[in-house]
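Residue 6 is where the sequence shown starts when you use the working numbering, and the numbers rise one by one after that.
Glycine included, C-beta positions come from ideal geometry on N, C-alpha and C.
In what follows, a single structure is set out as structure tokens and then discussed.
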Amino acid sequence: MVFDKYISRLETFLGIVRSTIDLGTLWLETNPEGVDTPLDEYFAHVFDWAANPDQWSGFLKDFVESYEAKEGKLPVLNPQLRFKRQAFLDYIPTITVDQQAESVRLLKIYQQWFYSHVIPVDEARPIAGTTPYKSKYTNKTEQLPAALGIVGSKGSDIMLAELISALDTEGAMISNAEVDLR
């Protein structure tokens, strides 16, 4: 595998051993929200239904049409979008509002399952901490990861690594009270 050498070096550096999981098997074993559909079938149309209608009608349709009218040719798009152009014209307009709503529901079920069974939130928390914010999508207060970068002069890599390790050992995480988002 292309990443094995790098992952092995990362394991050695961090002093950990990776855990390999099969998401498809775990998905079936834990049966999220009573779903018995295999993961690949579960996601068969989720992304098409969730994002593509808004991508096409909200931006790409007007852009492609105006570019083609002005330049006499199609714009250069990344391969995924070039491939999808015909799908945008033929398939995307047939996606219903109910299908979009269903895709959002399926994604939420997957997200809840993922954070419960694959990477529990406590394990995924960044070193610096989190800060609360009100989500415009869920209208609830959620936690936003807080990360920071520490820069040192050339040759100070070991000192920076030791500093970060010492801060982590001392529990010097940023508390919610210390964060100002002004």
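Limits of the unbroken alpha helix (DSSP H) element including residue i
i, result
"Thr101", "That residue, Thr101, is in no alpha helix (DSSP H); it is neither H nor E in DSSP."
"Thr35", "28-35"
"Ala74", "66-76"
"Val51", "51-55"
"Tyr96", "Segment: none, Tyr96 is in no alpha helix (DSSP H) and carries neither H nor E."
Alpha-carbon spacing of residue i relative to residue j, whole angstroms
i, j, result
"Arg23", "Val7", "16 Å"
"Glu46", "Tyr138", "34 Å"
"Val123", "Trp32", "9 Å"
"Arg110", "Met164", "47 Å"
"Val51", "Leu44", "11 Å"
"Val102", "Tyr72", "28 Å"
"Ser108", "Lys75", "36 Å"
"Arg14", "Ile21", "10 Å"
Element boundaries [beta strand (DSSP E), containing residue i]
i, result
"Thr135", "135-139"
"Leu149", "146-150"
CB contact flag (residue i, residue j, <8 Å)
i, j, result
"Thr35", "Trp118", "yes"
"Ile114", "Asp53", "no"
"Gln105", "Ala55", "yes"
"Pro80", "Phe68", "yes"
Residue i: CB within 7 Å of a non-hydrogen atom of the ligand NAP
i, result
"Asp41", "The ligand NAP is not part of the structure shown, which contains no ligands of any sort."
is_contact[residue i, chain B] using C-beta, thresh 8 Å
i, result
"Ile163", "In the displayed structure, chain B is absent; only one protein chain is listed."
Nearest neighbour of residue i, chosen from the options [CA to CA]
i, options, result
"Leu149", "Thr143, Ala166, Thr135, Ile26", "Thr135"
"Trp61", "Pro98, Gly77, Leu82", "Pro98"
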